[in-house]
């Protein structure tokens, strides 16, 4: 059977340096009773035969012990990065489980959590996978402040329905459904397969805002998730519908003032890096601008004329937090798409967009007004 790389060289080095008895427990937990290919070296479940070698496992095969081990190693690798490990340790501390030690190998910490604290491991893994997914397509529910009744009881039903869809395609998936009662959110991560990050589907239902956000590769899958979440959670496949949420109108209405941070406590400043404007009139070229900060250009006659006659197709913002070196990046594309790091920056990006009118939950946007009418 051909070998398939599962992880990076750094991960393999960390795994090779891990405690052999811990790796032995991992092999046993994944049902490895015979041999697996370890970088051309044959190793068994016996601890004394495990060497410091690069490990290569057939992770994308449809089943069997190599597939189970490959999926486990892929999940463990996600939590050995600096961010992944920080998330894992943070969730552990919240649950009074202290996984870190001064000289702990990150791979050992992740394996220990996988073996002995699976709920903590899975919660951290879901958060990391959601963080990796950036581009989301939004739908709006029939009501705001929608309550998800018996969401805990519907978790297994959701996972089963999702797995059944991909089983029909002969496609193996791993599905994880999580409920955050504090935020009133239900999150679903579907890996297909685990190691291809471009094939991770992420679905989040935010009850208080009445929103459904979906990241997937095809419009058919997006429609499947939209109907499934409505049917399973609210007994109505059409519960979530498409409506314009994002708009670039504040750039035309208020110019540079649209980037004010008033009312956003955690923000230090906001800058506009990229702006694309398209026109309905034939013969008009599109306007594409990029720079360190385009705020001053928003009030120029040229850009005001372009905003009056055209529609903002895409805008990329950088929101700078207080006491943070790295900004939160957000790129919205009207009417329904937003790219951002939901796990790390959701508490800053969405409040900013809502406060300044770039995101409008109440549907009061004047998107239906033609550019010609605005120009007049």
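Residue numbers (my numbering): 6 to 381. Glycine included, each C-beta is placed from N, C-alpha and C at the ideal position. In this text, all values refer to a predicted model and were calculated from it rather than measured experimentally.
query: Unbroken beta strand (DSSP E) run spanning residue 318, endpoints; result: 315 to 326
query: Sequence-distant residues of its chain with Cβ nearer than 6 angstroms to residue 362 (five each side left out); result: 255
query: Euclidean distance between Cα positions of residue 320 and residue 332; result: 16 angstroms
query: For residue 29, the nearest candidate out of 300, 291, 117 (CA to CA); result: 117
query: Rounded distance between the beta-carbons of residue 242 and residue 248, thought under 8 angstroms; result: That pair is no contact at about 17 angstroms.
query: Proximity of residue 385 and residue 253 at Cβ, strictly below 9 angstroms; result: Limits of the chain in this structure are 6 at one end and 381 at the other, which puts residue 385 out of reach.
query: Alpha-carbon to alpha-carbon, residue 153 and residue 171; result: 25 angstroms
query: Which listed residue (120, 304, 346, 188) has its alpha carbon closest to that of residue 220; result: 346
query: C-beta contact flag for residue 316 and residue 354 at 9 angstroms; result: no
query: Beta-carbon contacts of residue 356 that lie in its chain and below 8 angstroms, excluding the five residues immediately before and after; result: 269
query: Residue nearest to residue 300 in terms of C-alpha spacing, selected from 322, 35, 365; result: 322
query: Beta-carbon proximity list for residue 158, same chain, < 6 angstroms, skipping 5 on both sides; result: none
query: In chain order, each beta strand (DSSP E) run of at least 3 residues that lies wholly inside the stretch 127 to 180; result: 140 to 145
query: Residue 443 to residue 181 span [Cα, whole Å]; result: Since the first and last residues shown for the chain are 6 and 381, residue 443 lies out of range.
query: Meets three-Cβ-pair contact criterion under 8 angstroms: the stretch 78 to 97 and the stretch 120 to 136; result: yes
query: 6 angstroms Cβ shell around residue 151 - same chain, five flanking residues per side excluded; result: 212, 215
query: DSSP three-state assignment for residue 57, whether helix, strand or coil; result: Confidence at residue 57 is low in this model, with a pLDDT of 33, below 50, so the placement of that residue should be treated as unreliable; the coordinate-derived value is given next. Coil at residue 57, not helix or strand.
query: DSSP-derived helix/strand/coil call for residue 73; result: helix
query: Pairwise C-alpha distance: residue 351 and residue 281; result: 23 angstroms
query: Cβ neighbour criterion (16 or more within 10 Å) applied to residue 297; result: exposed
query: Of the residues 94, 348, 73, the one placed nearest residue 109, counting alpha carbons only; result: 94
query: Environment of residue 130 [buried if 16+ CB atoms lie within 10 Å]; result: buried
query: Where residue 122 sits in the DSSP three-state scheme; result: coil
query: Collapsed DSSP secondary structure at residue 183 in the structure displayed; result: strand
query: Spatial distance of residue 294 from residue 303 (CA atoms); result: 11 angstroms
query: Sequence ranges, beta strand (DSSP E) only - wholly within the stretch 200 to 245, length at least 3; result: 205 to 211, 216 to 220
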